[in-house]
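Heads up: the structure comes next, in structure tokens.
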Amino acid sequence: MEHKPFAITLDVGSSRANHTGSWRSERPVYADHLPPCNAACPAGEDIQGWLYFAEEGRYREAFDSLTVNNPMPAVMGRVCYHPCETACNRGKLDSAVGINAVERFLGDEAIRQNWRFAKPSTQTGKRVLIVGAGPSGLSAAYHLARRGHAVTIRDAGPMPGGMMRFGIPKYRLPRDVLDAEIARILDLGVTMELNTKVDDIKAAMQGFDAAFLAIGAQLAKRAYVPAGEGARILDAVSVLRSMEGAEAPKLGRRVVVYGGGNTAIDVARTARRLGAEEALIVYRRTRDRMPAHDFEVEEAVDEGVMLKWLSTIKHMEDGKITVERMQLDDKGFPQPTGTLETLEADSLILALGQDVDLGLIKDVPGLVSERGGIDVDPGMMTKLPGLFAGGDAVPAERTVTVAMGHGKKAAANIDAWLRGQIFEQPAKHTEAAFEKLNTWYYTDAPHQVRAKLDAARRVDGFAEVVQGLDADTALFEARRCLSCGNCFECDNCYGVCPDNAIIKLGAGNRYRIDTDFCKGCGLCAAECPCGAIDMVPEQI
1 MEHKPFAITL DVGSSRANHT GSWRSERPVY ADHLPPCNAA CPAGEDIQGW LYFAEEGRYR
61 EAFDSLTVNN PMPAVMGRVC YHPCETACNR GKLDSAVGIN AVERFLGDEA IRQNWRFAKP
121 STQTGKRVLI VGAGPSGLSA AYHLARRGHA VTIRDAGPMP GGMMRFGIPK YRLPRDVLDA
181 EIARILDLGV TMELNTKVDD IKAAMQGFDA AFLAIGAQLA KRAYVPAGEG ARILDAVSVL
241 RSMEGAEAPK LGRRVVVYGG GNTAIDVART ARRLGAEEAL IVYRRTRDRM PAHDFEVEEA
301 VDEGVMLKWL STIKHMEDGK ITVERMQLDD KGFPQPTGTL ETLEADSLIL ALGQDVDLGL
361 IKDVPGLVSE RGGIDVDPGM MTKLPGLFAG GDAVPAERTV TVAMGHGKKA AANIDAWLRG
421 QIFEQPAKHT EAAFEKLNTW YYTDAPHQVR AKLDAARRVD GFAEVVQGLD ADTALFEARR
481 CLSCGNCFEC DNCYGVCPDN AIIKLGAGNR YRIDTDFCKG CGLCAAECPC GAIDMVPEQI
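In UniProt numbering, the protein residues as written are 1 to 540.
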């Protein structure tokens, strides 16, 4: 008798012998969430995206990813007030990722390695005029040029950069860094016309298909200060602008600055570097209500700048300033007390903010906002078809980062308008919450502090105060990113699933959940380090 072999058919994995999908009340779903750093960036950077490359030491790819949105990382790594770090979830664990420091490293590395932008393969034949060579204008020029449009920038100044050059001191932003990043943008084929003031925007637009106003806010606000004939009263904008000239301004031995913003801090620190033995900031309110950033105030104090709170200037004459003491009312507004004090001063510098010069649009009705500046719609276009505006010229927070974001947004809308389309902003994912992270997997990793020039050496000149990271510290800092809300294929879900319901799809493709065998226990979501798995109600 012939015996046939005995055959047994086995299911793969004993835990998969029975379908368990019907047991679920919730199912896990892989999801992408918006990292809070990305959400807080006014320039719209994909911070988590470029940090992913940086933490692997792939710096050129990180630079390419970063500059999709921001063409000037070496500048922004120095002057941005990094709201991304305020929003960073890691700040709730130990300290925020030094995003700004890594950005600066990438920008500096790009300058050192002479990395350039890829030029567009085709040209659209459309011509765009940009008025103003500041951050918003340069950003718009970059994004439009990369889309294949011919861009011409006209600026009234002798050098490009706007307030980055004429408002930010060299100890914060070295000019060789600024020049290098501007040159990289111009290398895309952007035409720069300096010493070319535009007085009539409608006339200037002739021969162009669209225009972008990025004229900034470069007129100093004035305040009436009664003064005698010998009083020397200057404005902060003029003082800082004059620092780009051949001869530095003479401010005297004792300088008083009136104001409480970052410009007041900058001009007081500049006065110290110009030889002032005393630089005193007079501000009407208290330190906690001062609009200047804390770290700038601290650096100024380190350099010997003094501050006088709750005070206002009443009069200046013959080397003396009369100051009145103020007190805050129950609504936080300063009120006079009648108590006077006399200060000695060789010069008084007013740092009370800036206004926009709107002379070039005076013949175009409906362009001026009720809040001051130029009125624009959500797509950055004014009421004159084809004329867009952004940066400090429109009502918004006045920072380099916001201006960069305006330039990018305006370029996207200009490009769509030139093509007869309407730009649609892509929908955003829900924000990645700290509570969704499993921080058990992360060890303490201290924030890498950037070195600073010794305070005693700072006032001797305009050498850069804050230093950058090197390759090793930049790599360490980038690796502190928690990848909030987005899977980075750590295999945790694959390893902890009791039902073998997680299927790996290969490098870069993440995972799939076999819903026939997933019981919906939620262990994968609980153990996900970055909160990239949501538990959603099962639909019956």
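We put the CB at the ideal spot given by N, CA and C, even for glycine.
Start and end of the beta strand (DSSP E) containing M192? Here residue 192 refers to the residue found at position 192 of the sequence shown. Note, M192: beta strand (DSSP E), 191 to 193.
Relative to the C-alpha of A74, which residue among S139, L106, I47 is closest? Translated into the one-based positions of the sequence shown, residue 74 becomes position 74. With distances taken between Cα atoms, A74 lies closest to L106.
Give a yes or no on whether the C-beta atoms belonging to V190 and A141 are separated by under 9 Å. Working through the sequence shown from its first residue, we reach residue 190 at position 190. Working through the sequence shown from its first residue, we reach residue 141 at position 141. Yes, these two residues count as a Cβ contact at 9 Å.
Answer with buried or exposed for F295, where buried requires no fewer than 16 other C-beta atoms within 10 angstroms of its C-beta. Along the sequence shown, read from residue 1 onward, the residue named residue 295 stands at position 295. Label assigned to F295: exposed.
By Cβ distance, which residues of its chain are closer than 6 Å to P83, with the 5 residues on each side in sequence left out? Indexing the sequence shown from 1 puts residue 83 at position 83. Excluding positions up to five away in sequence, the list reads A40.
In the DSSP assignment, the beta strand (DSSP E) including P28 goes from what residue to what residue? Residue 28 sits at position 28 when you count from the first residue of the sequence shown. 26 to 30 is the extent of the beta strand (DSSP E) around P28.
Around the C-beta of G125, are 16 or more other C-beta atoms found within 10 angstroms, so that it is buried, or is it exposed? For the purposes of this step, residue 125 is taken as residue 125 along the sequence shown, with counting starting at 1. Label assigned to G125: exposed.
Once the 5 residues before and after H315 are set aside, which same chain residues still bring their CB inside 6 Å of it? Within the sequence shown, the letter at position 315 stands for residue 315. These residues qualify, in order along the chain: P226, T322.
Using a Cβ-Cβ cutoff of less than 6 Å, which residues in the same chain neighbour V394 once the five nearest sequence positions on both sides are dropped? Here the question's residue 394 lines up with position 394 in the sequence shown. Excluding sequence neighbours, V394 sits near G373, I374, V376.
Buried or exposed for G134, going by 16 or more other Cβ atoms inside 10 Å? The residue given as residue 134 occupies position 134 in the sequence shown. With 16 or more Cβ atoms within 10 Å of its Cβ, G134 is classed as buried.
Bridge partners of V131, per DSSP? Translated into positions along the sequence shown, residue 131 becomes position 131. Beta-bridge analysis with DSSP links V131 to R154, L213.
Among all the DSSP beta bridges, which residues are the ones paired with L343? Against the sequence shown, residue 343 aligns to sequence position 343. Residue pairing by DSSP places L343 opposite I321 in a beta bridge.
Thinking C-beta only, is S136 closer than 9 Å to M381? As a position in the sequence shown, residue 381 is number 381, starting the count at 1. As a position in the sequence shown, residue 136 is number 136, starting the count at 1. No, the pair does not count as a contact, with Cβ atoms beyond the cut-off.
Buried or exposed: where does R222 fall if 16 or more other Cβ atoms within 10 Å of its Cβ makes it buried? Along the sequence shown, one-based indexing puts residue 222 at 222. Exposed, by the Cβ-count rule.
Assigned secondary structure, K119 (DSSP; H/G/I helix, E/B strand, else coil): Taking the first residue of the sequence shown as position 1, residue 119 is located at position 119. Of the three classes helix, strand and coil, the one that applies to K119 here is coil, per DSSP.
When you compare each of E424, S95, R273 to H447 by their alpha carbons, which one comes out closest? Taking the sequence shown and counting its residues from 1, one reaches residue 447 at position 447. Ranked by how close their Cα comes to the Cα of H447, the residues E424, S95, R273 have S95 in first place.
At a cut of 8 Å, does the segment 160 to 171 reach the segment 263 to 271 through at least three beta carbon pairs? Of all C-beta pairs linking the segment 160 to 171 to the segment 263 to 271, three or more are shorter than 8 Å, placing the two stretches in contact.
Check whether the Cβ atoms of G531 and L437 sit closer than 9 Å, and answer yes or no. By 1-based counting over the sequence shown, the position of residue 531 is 531. By 1-based counting over the sequence shown, the position of residue 437 is 437. A contact, by the Cβ cut-off of 9 Å.
Compare the Cα-Cα distances from A292 to each of Q206, G506, A351 and report the closest residue. Counted from its first residue, the sequence shown places residue 292 at position 292. It is A351 whose Cα lies nearest to the Cα of A292.
Across which residues does DSSP place A388 in a beta bridge pair? Looking up residue 388 in the sequence shown gives position 388. Sequence inspection shows Phe at residue 388; the Ala mentioned does not correspond to that position. DSSP, once it has assigned bridges, lists F212, M381 as partnering F388.
Can you name the start and end residues of the alpha helix (DSSP H) that P537 belongs to? Counted from its first residue, the sequence shown places residue 537 at position 537. Taken as a continuous stretch (DSSP letters only), P537 belongs to no alpha helix (DSSP H), being part of the beta strand (DSSP E) at 533 to 537.
Kindly indicate which three-state DSSP category N262 falls into: helix, strand or coil? Counting from 1 along the sequence shown, the entry for residue 262 is found at position 262. In this structure, N262 counts as helix in the three-state DSSP scheme.
Coil, strand or helix - R512 by DSSP: Here residue 512 refers to the residue found at position 512 when the sequence shown is read from its first residue. Strand.
Starting from D235, follow its DSSP beta bridges and name the residues at the other end. Residue mapping note: residue 235 aligns to position 235 of the sequence shown, counting from 1. Answer is L350, bridged to D235.
Establish whether the CB of H315 and some CB of chain D are separated by less than 9 Å. Included in the structure is just one protein chain, with no chain D present.
When the distance is taken between beta carbons, is R512 closer than 9 Å to L523? Translated into the one-based positions of the sequence shown, residue 523 becomes position 523. Translated into the one-based positions of the sequence shown, residue 512 becomes position 512. In this structure, R512 does not lie closer than 9 Å to L523 by Cβ.
Taking the straight line between their C-alpha atoms, what separation do you get for E435 and A62? For the purposes of this step, residue 435 is taken as the residue at position 435 of the sequence shown. For the purposes of this step, residue 62 is taken as the residue at position 62 of the sequence shown. In a straight line, the C-alpha of E435 is about 28 Å away from that of A62.
Assess contact between the segment 240 to 260 and the segment 177 to 189, defined as three or more Cβ pairs (one per stretch) separated by less than 8 Å. Is contact present? The answer is no - the segment 177 to 189 does not touch the segment 240 to 260, with fewer than three Cβ pairs under 8 Å.
Inter-residue CB distance, V131 and A211 (contact presumed, cutoff 8 Å): Taking the sequence shown and counting its residues from 1, one reaches residue 131 at position 131. Taking the sequence shown and counting its residues from 1, one reaches residue 211 at position 211. That belief holds up - the Cβ atoms of V131 and A211 are roughly 7 Å apart, short of 8 Å.
Closest to L360 by CA distance: which of A203, P529, D460 is it? Locating residue 360 in the sequence shown gives position 360, where the first residue counts as 1. The candidate whose alpha carbon is nearest that of L360 is A203.
Tell me the residue span of the alpha helix (DSSP H) that contains K202. Here residue 202 refers to the residue found at position 202 when the sequence shown is read from its first residue. Element bounds for K202: 201 to 204.
Considering E278, what are the terminal residues of the beta strand (DSSP E) in which it resides? What you label residue 278 is simply residue 278 of the sequence shown in a count that begins at 1. Segment 278 to 282, the beta strand (DSSP E) holding E278.
Inter-residue spacing [alpha-carbon to alpha-carbon] between S14 and R27: What you label residue 14 is simply residue 14 of the sequence shown in a count that begins at 1. What you label residue 27 is simply residue 27 of the sequence shown in a count that begins at 1. Note on S14: pLDDT 42, under 50, position unreliable in the model; no value is reported.
For K314, three-class secondary structure by DSSP: Position 314 of the sequence shown, counted from the first residue, corresponds to residue 314. When secondary structure is reduced to three states using DSSP, K314 falls in the strand class.
Assuming contact is defined by CB atoms lying nearer than 9 Å, are R458 and D302 in contact in what I supplied? For the purposes of this step, residue 458 is taken as residue 458 along the sequence shown, with counting starting at 1. For the purposes of this step, residue 302 is taken as residue 302 along the sequence shown, with counting starting at 1. Contact: yes.
Fully enclosed by the segment 33 to 74, which alpha helix (DSSP H) runs are 4 residues long or longer? Complete alpha helix (DSSP H) runs here, min 4: 36 to 40, 47 to 54, 59 to 66.
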